[in-house]
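J.: Please read through the structure below; I'll follow up with questions.
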Ligand SMILES: NC(=O)c1ccc[n+]([C@@H]2O[C@H](COP(=O)([O-])OP(=O)(O)OC[C@H]3O[C@@H](n4cnc5c(N)ncnc54)[C@H](OP(=O)(O)O)[C@@H]3O)[C@@H](O)[C@H]2O)c1
């Protein structure tokens, strides 16, 4: 049986990881780096405001990746367009959807939670 192919990413393109600062997003970014990505953009509603996020920028730099953190929602076309504009001539060649909102709430609230998930994950994806 043939071994599965390992994808090779383009070092001169940008890869967008929506929700990239979350738990899975951080692992995905490191995996993309292993595959050859050199420019990764993240998009999250809280953006770059925490020192924890500065740490991940430095961590990615150490493995040769220029990480840019954008503030916005993956559910908003305008926010996606801003990321695209910031990427400039470096095309966005791949997008990973890792954004998620989980909410614990009462029975009535469950319906609201579903709407958040639906808009962020299902609608956008
Ligand atoms: N963790 C698991 O065990 C597991 C298992 C299977 C599948 N998954 C899937 O993996 C994905 C991520 O899970 P996770 O555990 O990494 O979650 P997480 O740690 O909560 O990270 C979610 C990230 O999404 C961002 N986010 C939320 N809403 C957003 C929006 N509208 N636009 C842009 N970014 C948004 C959050 O930042 P802000 O709040 O600042 O926006 C956060 O950085 C989800 O799709 C989940 O369903 C997770």
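Numbering (the numbering used here), first residue to last: 2 to 126.
From the three backbone atoms N, C-alpha and C, an ideal C-beta is built for every residue, glycine too.
As the structure is a computational prediction, the values presented were derived from the model and not from experiment.
1) Would you grab the beta carbon distance between residue 44 and residue 17 for me? Rounded to a whole angstrom, and I think it's under 8 Å.
2) Could you spell out the range, first to last residue, of the alpha helix (DSSP H) harbouring residue 52?
3) Can you list, in chain order, the residues of its chain with a C-beta nearer than 8 Å to that of residue 10? Leave out the 5 residues immediately preceding and following it.
4) Is the closest heavy atom of ligand 1 to the C-beta of residue 94 under 6 Å?
5) Return the chain-ordered list of same chain residues with a C-beta closer than 7 Å to the C-beta of residue 129, the five sequence neighbours on each side being excluded.
T.: With the given structure in hand:
1) Yes, they are in contact, since the Cβ atoms of residue 44 and residue 17 sit about 7 Å apart, within 8 Å.
2) Counting along the chain, the alpha helix (DSSP H) containing residue 52 begins and ends at 52-63.
3) In its chain, beyond the 5 residues on either side, 16, 33, 36, 37, 38, 94 and 95 have a beta carbon closer than 8 Å to the beta carbon of residue 10.
4) Using a cutoff of 6 Å, the CB of residue 94 does not count as near ligand 1, since none of the ligand's heavy atoms is closer than that.
5) Residue 129 falls outside the range modelled here, since the chain spans only 2 to 126, and no answer is possible.
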